[in-house]
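Number of protein chains: 2
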Amino acid sequence: MDILDASAFIPTERILLGPGPSPVPQRVLRALAAPTLGHLDPLYLAIMDRTCTMLREVFRTNNPLTFPVSGTGMAGMECVAVNLLEPGDEVIVGVNGVFGTRMVDVMARCGATVHPLETTWGDTFTVDQLGDLLDARPRVKLVGIVQAETSTGAHQPLAGLADLVHERGALLVVDAVTSLGGQELRVDDWGIDAVYSGTQKCLSCPPGLAPVSFGPRALAAMDARKTKVQSWYLDVSMLRKYYTGGGGGGRVYHHTAPINMTYALHEALAMVLEEGLDARIERHAQMHRRLRAGLEAMGLRYLPRHSLHTLNCIGIPAGADDAGVRRRLLEEYGIEIGAGLGPMAGKAWRIGLMGHGASVRNVDLVLAALEKILRA
Amino acid sequence: MDILDASAFIPTERILLGPGPSPVPQRVLRALAAPTLGHLDPLYLAIMDRTCTMLREVFRTNNPLTFPVSGTGMAGMECVAVNLLEPGDEVIVGVNGVFGTRMVDVMARCGATVHPLETTWGDTFTVDQLGDLLDARPRVKLVGIVQAETSTGAHQPLAGLADLVHERGALLVVDAVTSLGGQELRVDDWGIDAVYSGTQKCLSCPPGLAPVSFGPRALAAMDARKTKVQSWYLDVSMLRKYYTGGGGGGRVYHHTAPINMTYALHEALAMVLEEGLDARIERHAQMHRRLRAGLEAMGLRYLPRHSLHTLNCIGIPAGADDAGVRRRLLEEYGIEIGAGLGPMAGKAWRIGLMGHGASVRNVDLVLAALEKILRA
């Protein structure tokens, strides 16, 4: 390997219209490259505190325990699971795509007995379906559900779920990786007890942090644990002492946080709040409608019944070459879109319109490019 | 909170001479801020592959399974523990500071029975001490030891340990968080079976990734597991399919890697190899001697018997105000040094000379600053 050559890399500027990461604004990249501070420096702690304050606004929650986990989105899922579950617990997980399937795996690794609530990939769950399974499984401690299923583009409605779950004394856990900052999400109003997301979707920050928030019921469940959390790295009983000074004893060092990633998240959240959360969610809705109108005019078909605005999953038209089309988009236009996952591999394309990427410019370009390539 | 004000932050440029993070060169910060690529983009995969190739050189290993875990240093420790251990396994862990103590905790959370090999904080272990405990505990599967104990500055010699451990059929696991790229570390020559580190110490990259390497004995132990790895996020049986295409089936997506952090690590490793690993280790030795001579001339005393070059742990002189001196260093000079941890709190200062920070300029400045402040 030629080291000098290796060090001279300059990544090409892609237009990221896949399932994430989404395009990162220059302003966020500049914040990312600010001088590294120590993780106990008062200046850094102030930046981290402001980051958590802004996260609360974007999650629409007052939960004090709201912070970015030091890993990517899946570390957020694992953080929620390992802290809320103990061996022998029973849980229900909605499975209608890759991320529900993963939640089953992650929770089973915590020693939980998982009762999957299944439906066709691309479909979503009704309040009645969940109610029936809850009636059949009265010992369930937690219900996990994916609001924005990145693998299928399905948008799970959450209204009404919390009451149903709380009546049974269970907790509502929501995967909001592909919704936070792009789709309506109201943690407190909707009674969500624990939620996790990622930075590289609708927040338009590079991947590397997983925002999480735990409400009072989740805190009570953690306080009632009989066993240690199986992950030291993700143990909230220690993390909360660093992030909030909570749990007694003031702020205590746990692990070295990813300092520069926190700068980037700080800047990305500031941009979300400057735009306004409602305006941003409306922009995602508008760009989705614009894309959808264009795709449907070309004869392309959406696969999920209720589509996310942030991720558009369409069937690959008969005769089109899946990998060939994606390669031409990448090579001729510098546009990345996503392939289908799991049972949708070879059958679906996934076009993400997330955060900074959800613009008229990008929608019209990807439509023009797809039209040229498919017509050729 | 005033959002516009919050977004306008520019972190002060500190001289980071604490226990890490270390100062990050502009060149690495510039790489960090390069445009974000998708984690499956061929361009990104090429950057990641080159990063792993360079990591092998810096670890001095040919282990194919060498990659950066998507978390900070402690995620590296946890990754090694969860993959090598199953409930009921017995392990020996050397405990002479904070990080040995943490390794006990992390491994116990994997269901292992931990036999601590203890000595005074600041001291290190002899081959005989370890041999005696291995004789008393013949069922031990793994021996964990910290090469560079960041909490005390003690430098654990590793030569001769592997033979002893391998004779008993056990694995040698080494914590190299504060040594990789700054102290001599020869993974293959020294027979180390699994090793982990962090990016924010002697590699002079921001925190956010944990380089790990697993040798053939460790792979065999993982292949012989009877239970699933308790962490999905850190499960090497899946991670290796993404990082090396190994384990059959070619390269498979696992989780979204921290793209921009990989750029930074790529650039930091290129800088290590341009300098030359031997030259870099020698520079750390020289800067340590220069600092030590200056500190001892001022009457300050090193606490550990065998001091690391990368971290200098000295006793706080009688009459000096621990927090006051550190605050003056920070406020008047912009210099961060570390406080004592655990039983050394209030009794020790930790001066890190790591990577980019190990320079004549920094050594002479911190000596001059300390002399001024202590004399006042």
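Protein sequence lines correspond, in order, to chains A and B. Everything in the first sequence is counted per our numbering, starting at 1 for the first residue and increasing by one. Everything in the second sequence is counted per our numbering, starting at 377 for the first residue and increasing by one. For glycine and all other residues, C-beta sits at the position ideal for the given N, C-alpha and C.
Taking the continuous beta strand (DSSP E) assigned at B/L393, which residues delimit it?
In the DSSP assignment, B/L393 falls outside any beta strand (DSSP E) and carries neither an H nor an E.
What residues of chain B sit near A/I281, judged by a beta carbon separation below 8 Å?
Residues of chain B whose Cβ lies closer than 8 Å to the Cβ of A/I281 do not exist, since the nearest Cβ in that chain is about 17 Å away.
Which runs of the beta strand (DSSP E) spanning at least 3 residues fall entirely within the segment 650-702 of chain B, listed in chain order?
Taking 3 residues as the shortest admissible run, the segment 650-702 of chain B contains the following complete beta strand (DSSP E) segments, listed from N- to C-terminal end: 687-691.
Strictly below 7 Å CB to CB, what residues from chain B border A/W121?
Listed by position along chain B, the residues whose Cβ is nearer than 7 Å to that of A/W121 form an empty set, because the closest Cβ is around 17 Å away.
Answer with yes or no whether the minimum CB distance from A/G342 to chain B is below 8 Å.
Closer than 8 Å: no.
Name the residues in the segment 690-701 of chain B whose C-beta lies less than 8 Å from a C-beta of chain A; which are they?
Within the segment 690-701 of chain B, no residue qualifies.
Please classify B/H682 as buried or exposed, where buried requires at least 16 neighbouring CB atoms within 10 angstroms.
Exposure of B/H682 is indicated by the presence of fewer than 16 other C-beta atoms within 10 angstroms of its C-beta.
Given that B/K604 touches chain A, what residues does it touch there, using C-beta distances under 9 Å?
Within chain A, the residues D105, A108, R109 have their CB atoms less than 9 Å from the CB of B/K604, given in chain order.
My output table needs one value for B/P444: the three-state DSSP class, helix, strand or coil.
It is a strand residue.
Which one of B/S446, B/L548, B/G447, B/E454 has the shortest CA to CA distance from B/G567?
Ranking the options by Cα distance to B/G567, first place goes to B/L548.
Where B/L746 falls: helix, strand or coil (DSSP)
Assigned with DSSP and collapsed to three states, B/L746 falls in helix.
Taking 8 Å as the cut-off, does the segment 733-748 of chain B touch the segment 387-402 of chain B (at least 3 CB pairs, one atom from each stretch)?
Yes, since at least three Cβ pairs between the segment 387-402 of chain B and the segment 733-748 of chain B fall closer than 8 Å, the two stretches touch.
Give me, in chain order, the residues of the same chain whose beta-carbon lies closer than 6 Å to that of A/H356; leave out the 5 immediate sequence neighbours on both sides.
Once the five neighbours on either side are set aside, the close Cβ partners of A/H356 are P23, P25, S204.
Is A/E332 helix, strand or coil by DSSP?
Collapsing the DSSP output to three states places A/E332 in a helix.
Proximity winner among B/D481, B/H660, B/R677, relative to B/H685 (alpha-carbon distances):
Nearest neighbour of B/H685 by Cα position, chosen from B/D481, B/H660, B/R677, turns out to be B/H660.
Within a Cβ cutoff of 6 Å, which residues of the same chain sit near A/G404, ignoring the five residues on either side of it in sequence?
Outside the shown range of chain A (1 to 376) lies residue 404 of chain A, about which nothing can therefore be said.
Are the beta-carbon atoms belonging to A/Y196 and A/C79 less than 8 Å from one another?
Contact flag set, yes.
Quick one: Cα of B/I379 to Cα of A/L85, how far?
Residue placement at B/I379 is poorly supported in this model, since its pLDDT is 45, which falls under 50; the coordinates still yield a value, given next. Rounded to whole angstroms, B/I379 to A/L85 spans 37 Å at the Cα level.
Taking 8 Å as the CB-CB limit, is A/W232 close to chain B?
At least one chain B Cβ lies under 8 Å of A/W232.
Should the segment 133-147 of chain A be regarded as contacting the segment 93-109 of chain A, the criterion being three or more beta carbon pairs within less than 8 Å?
Of all C-beta pairs linking the segment 133-147 of chain A to the segment 93-109 of chain A, three or more are shorter than 8 Å, placing the two stretches in contact.
Measuring only the C-alpha atoms, how far is B/G447 from B/S607?
Straight through space, the alpha carbons of B/S607 and B/G447 are spaced by roughly 13 Å.
Within 8 Å (strictly less), CB to CB, does B/M637 reach chain A?
At a cut-off of 8 Å between C-beta atoms, B/M637 counts as an interface residue with respect to chain A.
Would you kindly check if the distance between the Cβ of B/G574 and the Cβ of A/P244 is under 8 Å?
The amino acid at residue 244 of chain A is misidentified as Pro; the sequence shows Thr. Cβ distance not < 8 Å, so A/T244 and B/G574 don't count as in contact.
Taking 8 Å as the CB-CB limit, is B/V400 close to chain A?
It does; some Cβ of chain A falls within 8 Å.
Counting only C-beta atoms, is B/I749 closer than 8 Å to chain A at any point?
For B/I749, the answer is no, since every Cβ of chain A falls outside 8 Å of its Cβ.
What are the residues in the segment 572-593 of chain B lying within 8 Å of chain A by C-beta distance?
Residues are counted here when their Cβ sits less than 8 Å from a Cβ of chain A; for the segment 572-593 of chain B these are G574, Q576, P582, P583, G584, given in chain order.
Measure the CB-CB distance between B/V474 and B/M483 and report whether it falls below 8 Å.
Their beta carbons are not under 8 Å apart, which means B/V474 does not touch B/M483 by this criterion.
Where B/S334 meets chain A, residues with beta-carbon distance less than 7 Å
Chain B is shown only over 377 to 752; residue 334 of chain B falls outside these bounds and no answer can be derived.
Note down, in chain order, every chain A residue with its Cβ under 9 Å from the Cβ of B/T489.
At a C-beta separation below 9 Å, B/T489 has no neighbours in chain A, since its nearest C-beta there lies roughly 15 Å away.
Using a Cβ cut-off of 8 Å, pull out every chain A residue sitting near B/T388, in sequence order please.
From the beta-carbon of B/T388, the residues of chain A found nearer than 8 Å are P35, L37, L43.
Alpha carbon of B/T502 to alpha carbon of B/A512, nearest angstrom
Taking the straight line from one Cα to the other gives about 16 Å.
Taking 8 Å as the CB-CB limit, is A/H255 close to chain B?
A/H255 counts as touching chain B.
Under a three-way DSSP split, which group does B/T429 fall into?
The three-state reading of DSSP puts B/T429 in helix, counting H, G and I together.
Residue environment, B/P397, which counts as buried when at least 16 other CB atoms sit within 10 Å
B/P397 is buried by the Cβ-count criterion.
What would DSSP say about B/R627, mapped onto helix, strand or coil?
Reduced to three states, the DSSP call for B/R627 is coil.
Please state the DSSP three-state secondary structure of A/K141.
Note: A/K141 maps to strand in three-state DSSP.
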